[in-house]
Amino acid sequence: MERQVFHRALGLSLVGGLSTAIGALFVVLNPAPNLKMLGILQGFAAGLMLSISFLDLAHNAINSIGFLKGNLWFLNACSCNADMSLITRSNLQFFAGVLFFGFIVKFIPEPAFSPQADPSEKKADDGGSGKDMMRKHRRQVLFSGIITAVGISLHNFPEGMAVFLGSVKGLHVGLNLAVAIALHNIPEGVAVALPIYFATKSKWQAFYMAAGSGLAEPVGVIAVAYLFPSSLNPDILEGLLGSVGGVMAFLTLHEMLPLAFDYCGQKRAVKALVLPGDQPTKGDKLVASHM
0 MERQVFHRAL GLSLVGGLST AIGALFVVLN PAPNLKMLGI LQGFAAGLML
50 SISFLDLAHN AINSIGFLKG NLWFLNACSC NADMSLITRS NLQFFAGVLF
100 FGFIVKFIPE PAFSPQADPS EKKADDGGSG KDMMRKHRRQ VLFSGIITAV
150 GISLHNFPEG MAVFLGSVKG LHVGLNLAVA IALHNIPEGV AVALPIYFAT
200 KSKWQAFYMA AGSGLAEPVG VIAVAYLFPS SLNPDILEGL LGSVGGVMAF
250 LTLHEMLPLA FDYCGQKRAV KALVLPGDQP TKGDKLVASH M
């Protein structure tokens, strides 16, 4: 694999992975994070992720038949004048990515933070008893924060692989994936930093733990770069990108949209969701060319 591609993927994954540090800043600068803002970011990231999955990755996996016909067959099981074996193989690769990430979520569920765990709310509601409760359960809360960091690290590893494969395809695909993942990682940084800060009262420890949990993403890039041969068959690359599209679609529908609904409500989340779709994309041009 070209060193330029590796360096590009590594840089993009560092940006995406270390965005968990931004989530940590939400906590250390303001222990009561703005959930509406986090929800809007999640909704925007979900829209960007779905656009990438279906308008870039899934399209490239079935590029011999065009975006419109391929997706009409995919959604409606229509017959069209195309290579049906290619469509079937591409869709199987897409759903293989869905099943792969679904397996990870099933056995390594991603922890989520609870707004009720906010230390300032504890103080306001419980007075002095809140401090006693914090001392009593400090180890338990600290352990939960560490487990959260480990779980998020395990989730970030395949995301790093996705950024690498997107970067192999081109800077545009890799950059879009990195931006969407970075937006998704901000609430994950909050999920790590909040219990750590609650238990230790140390802003630096909360920040370091949250930032460190995102480093699994560039580790994923390094791992897949050394596992892959120096030159990939184009068909294999397209199939892998189709699988990445499945992973990203599953991540969006299973994790990002539900969190966006919880944090800022359905209306705000949907408004943020459609923002990325308003931007002109390659998929829009392809649809227009087939009309």
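Okay, so the sequence shown: first residue is 0 according to numbering that gives the first Met the number 0, each after it adds one. Glycine included, each C-beta is placed from N, C-alpha and C at the ideal position. This one's a predicted model, so the numbers in the text were calculated from it and none came from an experiment.
- Message: Please tell me whether Val-178 and Phe-25 are closer than 7 Å, where the distance is taken between their beta carbons.
- Response: Numbered from 1 along the sequence shown, position 179 holds the residue referred to as residue 178. Numbered from 1 along the sequence shown, position 26 holds the residue referred to as residue 25. No, the Cβ-Cβ distance between Val-178 and Phe-25 is not below 7 Å.
Asn-184 - DSSP class collapsed to helix/strand/coil = The residue given as residue 184 occupies position 185 in the sequence shown. Reduced to three states, the DSSP call for Asn-184 is helix.
request  = Could you tell me how far apart the beta carbons of Gly-159 and Gly-219 are, in whole angstroms, since I believe they sit closer than 8 Å?
outcome  = For the purposes of this step, residue 159 is taken as the residue at position 160 of the sequence shown. For the purposes of this step, residue 219 is taken as the residue at position 220 of the sequence shown. The beta-carbon distance between Gly-159 and Gly-219, rounded to whole angstroms, is 3 Å. This is short enough to meet the 8 Å contact definition.
**OP:** Spatial neighbours of Pro-257 within its chain, please: CB distance less than 8 Å, with the 5 preceding and 5 following residues excluded, ordered by chain position.
**Re:** Residue numbering aside, residue 257 sits at position 258 when the sequence shown is read from its first letter. There are no such residues.
Q. Just checking, does the stretch 3-15 make contact with the stretch 196-211 on the three C-beta pairs under 8 Å criterion?
A. The stretch 3-15 is not in contact with the stretch 196-211.
Spatial distance of Leu-214 from Leu-226 (CA atoms): Locating residue 214 in the sequence shown gives position 215, where the first residue counts as 1. Locating residue 226 in the sequence shown gives position 227, where the first residue counts as 1. Rounded to the nearest whole angstrom, the C-alpha separation of Leu-214 and Leu-226 is 19 Å.
### Span separating the alpha-carbon of Tyr-262 from that of Val-269
Numbered from 1 along the sequence shown, position 263 holds the residue referred to as residue 262. Numbered from 1 along the sequence shown, position 270 holds the residue referred to as residue 269. Their backbone Cα atoms lie some 12 Å apart in a straight line.
Practice problem: Counting only the same chain and skipping the five closest in sequence on each side, list residues whose C-beta sits under 6 Å from that of Ala-248. | Solution: Here residue 248 corresponds to residue number 249 of the sequence shown, with the count starting at 1. Within its own chain, the residues whose Cβ lies closer than 6 Å to the Cβ of Ala-248, once the five positions on either side in sequence are excluded, are Ser-52, listed in chain order.
| message | Below 8 Å on the Cβ atoms is my contact criterion, and I expect Gly-16 with Glu-216 to pass it. Report the Cβ-Cβ distance as a whole number of Å. | response | One-based indexing of the sequence shown puts residue 16 at position 17. One-based indexing of the sequence shown puts residue 216 at position 217. Their Cβ separation, rounded to whole angstroms, is 3 Å, which keeps Gly-16 and Glu-216 in contact under 8 Å.
Original post:
How long is the line joining the alpha carbons of Lys-168 and Ala-161, rounded to whole angstroms?
Top reply: The residue given as residue 168 occupies position 169 in the sequence shown. The residue given as residue 161 occupies position 162 in the sequence shown. Each residue's Cα considered, the two are about 11 Å apart.
- Secondary structure of Ala-123, DSSP reduced to three states: Position 124 of the sequence shown, counted from the start, is the residue given in the question as residue 123. Confidence at Ala-123 is low in this model, with a pLDDT of 47, below 50, so its placement is unreliable and the value that follows should be read with caution. Three-state result, Ala-123: helix.
(message) Just verifying my parser: in three-state terms, what is the DSSP assignment at Ser-18?
(response) Mapped onto the sequence shown, residue 18 falls at position 19. Three-state DSSP puts Ser-18 in coil, outside helix and strand.
(Q) Cutting at 6 Å between CB atoms, please list the residues of its own chain near Ala-271, excluding the five before and the five after it. (A) Counting from 1 along the sequence shown, the entry for residue 271 is found at position 272. The residues are Ile-39, Gly-42, Phe-43.
**Prompt:** What does a CB cutoff of less than 6 Å around Leu-13 pick up in its chain, not counting 5 residues either side in sequence?
**Reply:** Start at 1 with the first residue of the sequence shown, and residue 13 comes out as number 14. The residues are Pro-217.
Please classify Leu-170 as buried or exposed, where buried requires at least 16 neighbouring CB atoms within 10 angstroms. On the sequence shown, residue 170 is found 171 positions in, with the first residue counted as 1. When all chains shown are included, Leu-170 counts as exposed.
Checklist line | Where Gly-169 sits in the DSSP three-state scheme | finding: Translated into positions along the sequence shown, residue 169 becomes position 170. Coil.
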